[in-house]
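Colleague:
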Amino acid sequence: MSKIFNYFSHFHLEKSIERSLKVENDSHYICNLSDLIRKYEDWKTYLPRVKPYYAVKCNDNINVLKLLAFIGCSFDCASAGEIEKILSLNVGPERIIFANTTKFAKAYRICRTS
Numbered sequence: 001m002s003k004i005f006n007y008f009s010h011f012h013l014e015k016s017i018e019r020s021l022k023v024e025n026d027s028h029y030i031c032n033l034s035d036l037i038r039k040y041e042d043w044k045t046y047l048p049r050v051k052p053y054y055a056v057k058c059n060d061n062i063n064v065l066k067l068l069a070f071i072g073c074s075f076d077c078a079s080a081g082e083i084e085k086i087l088s089l090n091v092g093p094e095r096i097i098f099a100n101t102t103k104f105a106k107a108y109r110i111c112r113t114s
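Following full-length UniProt numbering from start to finish, the sequence shown increments by one per residue and tops out at 114.
(1) Looking only at its own chain, which residues have a Cβ that is under 6 Å from the Cβ of alanine 99, when we skip the five neighbours before and after it?
(2) Rounded to the nearest angstrom, how far is the Cβ of valine 64 from that of cysteine 31, given a contact under 8 Å?
(3) From what residue to what residue does the alpha helix (DSSP H) around alanine 55 run?
(4) Which residues mark the beginning and the end of the alpha helix (DSSP H) in which isoleucine 86 is found?
(5) So, with DSSP's three-state summary, where would you put aspartate 60?
(6) Return helix, strand or coil for phenylalanine 104, following the three-state DSSP convention.
(7) Do you know how far the Cα of tyrosine 40 is from the Cα of valine 50?
Here you go:
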């Protein structure tokens, strides 16, 4: 595994959980980003002609989005805010689909200028 994806050791994970538990009403989740990479690679291996678009509304955690952008994933955005968030990661508009049934003028403006 590349060093870039092996950021947290077991010790760092334990300390992070301990810090989160000390803060009342602080929600947290643990995500294995290397598993996300493996699943994306599996998709590309077994379904090479099917281009995946990650639905940003599922989990818009910036670290998840940065990783997906870095490995070349495309994105399904349902709002102007989601489009702006993905564009801010230097993802080109050709990797974004705007798949919401209800669209507002602001979203059209963002799409037109991107």
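Ideal Cβ positions, reconstructed from N, Cα and C, are used throughout, including at glycine. As the structure is a computational prediction, the values presented were derived from the model and not from experiment.
Modeller: Reading from the atomic positions:
(1) Correct list, in chain order: Asp76.
(2) At roughly 7 Å, the Cβ-Cβ gap stays under 8 Å, so valine 64 and cysteine 31 are in contact.
(3) Where alanine 55 is concerned, there is no enclosing alpha helix (DSSP H), although the beta strand (DSSP E) it sits in stretches over 53 to 55.
(4) Start and end: 80 to 87.
(5) In this structure, aspartate 60 counts as coil in the three-state DSSP scheme.
(6) Here DSSP, grouped into helix, strand and coil, assigns phenylalanine 104 to coil.
(7) Spanning the two alpha carbons is a distance of roughly 12 Å.
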